[in-house]
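Peer 1:
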Amino acid sequence: MSAPAVTVDNVSVRFRLYHERNNSLKSAVMRGRRSVHEDFEALHNVSLEIPAGSTFGIVGRNGAGKSTLLKCIARILYPDSGRIVTRGRMASMLELGSGFHPELSGRENVYLNGSILGMSRRTVAAKFDEIVSFAGVGKFIDQPIKNYSSGMYVRLGFAVAINVDPDILVVDEILAVGDAAFAEKSRQKFVELKAAGTTIVMVTHAISNIRQMCDSAAWIDSGRLVSIGDSNRIADEYTAAVGLGDDQQQR
Ligand SMILES: Nc1ncnc2c1ncn2[C@@H]1O[C@H](COP(=O)(O)OP(=O)(O)O)[C@@H](O)[C@H]1O
Ligand SMILES: [Mg+2]
């Protein structure tokens, strides 16, 4: 067996939450150097392995820690303890706003992103038309990104991520954005990437995607790994636990 594409080893992430009980200057002075906060653990001792070339889904309720885990895998966030090992070139499409510069045009952002992902200017130029056509942003390509609708923004980000030939593609709820036509086009692209051997890690609320697209999956709740394994088994366990059918998942 080949080495896993992603190894998550005992990872915990804590966020510090500050409480503003009283904002007066007097109370701040009285409190002195003691700050009022608590540590909130968004991930607690999570360990998992994602086999190279497989498609891996992550499910869980809102606030479970799914996006936090993806950010750690994509190295946008660093765990407070534990470690993550990834093998291969990674491209990610996470939340709105990550990766693009609002003042630059779509064209400039495509080149900038391509170079960050390790592509030469020539390679980006060769793929440019395909990226723009996949994103369907048309003449907006020379407009500053800040003028894009959220749908255009996500489509362009995804078009770049899938066209840079990543070994590992990390995507957060991409199929939930955009219209049905774009979702179908993206699904098609996932099939091609999988056939080319790309490891895909995706968070999705649509259990039908877990069943149809993923080989294996993990269910996370309150920052803890509840269950991991065959995607249909995880889909069964999760839907049974939340008491909803496949297409009635809570957002
Ligand atoms: N930067 C942050 N600061 C404080 N709390 C955060 C931050 N990011 C996420 N959280 C909290 O961590 C928990 C997990 O968030 P997230 O990973 O986004 O969940 P999910 O993607 O499963 O909905 C949530 O309770 C969320 O409010
Ligand atoms: Mg999320």
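Take 145 as the starting number for the sequence shown in the numbering used here and just add one per residue. The beta-carbon is built from N, C-alpha and C at its ideal position, and this holds for glycine as well.
Under 6 Å from any heavy atom of ligand 2, does the C-beta of K170 make it?
Peer 2: No - ligand 2 has no heavy atom lying nearer than 6 Å to the Cβ of K170.
Peer 1: In chain order, what residues of the same chain have a beta carbon less than 7 Å from the beta carbon of I306, not counting five sequence neighbours either side?
Peer 2: L313, K333, L337, listed in sequence order.
Peer 1: With H, G and I counted as helix, E and B as strand and the rest as coil, what does DSSP make of M237?
Peer 2: Three-state result, M237: strand.
Peer 1: May I have the straight-line CA-CA distance separating R395 from G243, to the nearest angstrom?
Peer 2: At R395, the pLDDT of 44 sits below 50, so the modelled position is not reliable; the number obtained from the coordinates is stated separately. Their backbone Cα atoms lie some 24 Å apart in a straight line.
Peer 1: Among E252, N206, I202, A208, whose alpha-carbon lies nearest the alpha-carbon of I289?
Peer 2: Among E252, N206, I202, A208, the Cα nearest to that of I289 belongs to E252.
Peer 1: What residue range is occupied by the uninterrupted beta strand (DSSP E) comprising L192?
Peer 2: Segment 181-194, the beta strand (DSSP E) holding L192.
Peer 1: Could you pull out every residue in the same chain whose Cβ sits closer than 8 Å to the Cβ of P223, ignoring the five residues on either side in sequence?
Peer 2: The answer, listed in chain order, is V155, S156, V157, L187, C216.
Peer 1: Check each candidate in T199, S371, K329, S211 and name the one with the smallest Cα separation from E274.
Peer 2: Closest by alpha carbon: K329.
Peer 1: How long is the line joining the alpha carbons of G226 and K283, rounded to whole angstroms?
Peer 2: If I take the Cα positions, the gap works out to 46 Å.
Peer 1: Could you tell me the alpha carbon to alpha carbon distance between V298 and V173, rounded to whole angstroms?
Peer 2: So the alpha carbons of these two residues sit roughly 46 Å apart.
Peer 1: DSSP puts Y162 in a beta bridge; with which residues?
Peer 2: DSSP output for Y162 lists H181 as bridge partner(s).
Peer 1: In the DSSP assignment, what are the bridge partners of I202?
Peer 2: Its beta-bridge partners are V347, A362.
Peer 1: Near R160, what residues of its chain come up, given a Cβ to Cβ distance below 7 Å and the 5 sequence neighbours on each side ignored?
Peer 2: Excluding positions up to five away in sequence, the list reads H181, D183.
Peer 1: Counting only the same chain and skipping the five closest in sequence on each side, list residues whose C-beta sits under 7 Å from that of L192.
Peer 2: Within the same chain, L192 has close Cβ partners V152, A362, L369, I372.
Peer 1: For ligand 2, I want to know if K210 counts as a neighbour, meaning its beta carbon is within less than 6 Å of at least one of the ligand's heavy atoms.
Peer 2: Yes, the Cβ of K210 comes within 6 Å of a heavy atom of ligand 2.
Peer 1: Rounded to the nearest angstrom, what separates S293 and K170 at their Cα positions?
Peer 2: S293 and K170: Cα-Cα distance of roughly 45 Å.
Peer 1: Using a Cβ-Cβ cut-off of 6 Å (strictly less than) and excluding sequence neighbours within five positions of Y382, which residues of its own chain qualify?
Peer 2: So the qualifying residues of the chain are V203, W363.
Peer 1: With DSSP as the reference, label I228 as helix, strand or coil.
Peer 2: Strand.
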